[in-house]
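For the sequence shown, the numbering used here assigns the number 3 to the initial residue and increments by one for each residue that follows.
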Amino acid sequence: HLFSSCVRMAVLRAPDAELEGVRAHLRAIQGDELEPAPYLEHLHGMINGLVDASGNFVLRLLRHALKLQFWDRLEAQQDISVRMPQDVLAPLARRLDQALEARDEKAAAELIFELMSDHRERVVKLLNAEQAEQLAGKVTSHLQLLFDLPEPFAGDPA
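See the structure below:
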């Protein structure tokens with residue numbers, strides 16, 4: 003809800019040019035052909051633009067902490083994509099763009115909450131899968147160490 007209130011403040015306070023920058027990122031993430039890296043860049047640009055436009059200092063601090071903890075990790079994962087399915091993303095992004103253009107702070111706050119909730123759910127699933135895969139690899143290597151005994155211990159006890 004903190005980010006939703008940030009969006010509300012951005013819609014109320016930001017100059018047209020600042021909101022237009024956010025809207026440009028929204029239009030870009032709707033493109034079918036957008037690869038994962040540019041998609042993340044535009045998603046960050048949209049989020050950063052809204053946070054900056056709101057003037058919310060606490061959100062600026064949180065944005066920095068999240069970048070260090072999650073975004074950099076996601077950007078480093080070239081084999082996964084946090085991009086939502088286009089049939090879910092495009093209508094949400096289009097409606098958010100329209101709410102920003104109309105300066106409808108209530109609709110914009112509701113739509114950003116929905117968009118970020120869907121993104122958060124997808125990212126959590128991806129990160130959980132990544133952790134499970136890493137854990138499975140560690141367990142496998144530990145089991146190999148346990149069962150690949152050195153030569154003197156491998157034979158029958160005599």
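Ideal placement from N, C-alpha and C gives every residue a C-beta, glycine not left out.
Item, Value
"May I ask you to report which of helix, strand or coil DSSP gives N50?", "helix"
"Could you check whether L14 and E116 sit closer than 8 Å to each other, using their CB atoms as the reference points?", "no"
"Looking at the unbroken alpha helix (DSSP H) that takes in Q100, where does it start and where does it end?", "Q88 to A104"
"Under the three-state reduction of DSSP, which class applies to A110: helix, strand or coil?", "helix"
"Tell me where the alpha helix (DSSP H) around R25 begins and ends.", "D18 to I31"
"Note down the Cα distance separating L21 from E135, rounded to an integer number of angstroms.", "40 Å"
"Please report how far the alpha carbon of D54 lies from the alpha carbon of L68, in whole angstroms.", "15 Å"
"By Cβ distance, which residues of its chain are closer than 7 Å to S6, with the 5 residues on each side in sequence left out?", "A111, I114 and F115"
"Please report the residue range of the alpha helix (DSSP H) in which S36 lies.", "One detail in the question is off: residue 36 reads as Leu in this sequence, not Ser. Counting along the chain, L36 falls outside any alpha helix (DSSP H), and DSSP gives it neither H nor E."
"If distances are taken between C-alpha atoms only, which option among D34, D18 and E43 comes closest to H27?", "E43"
"Ignore the nearest five residues each way along the sequence and tell me which others in G47's own chain have a CB closer than 6 Å to its CB.", "H27"
"Do L52 and C8 have their CB atoms nearer than 8 Å?", "yes"
"I'd like to check one pair, E103 with R25: are the Cβ atoms closer than 8 Å?", "yes"
"If the criterion is Cβ atoms closer than 8 Å, does the pair I49 and A95 meet it?", "no"
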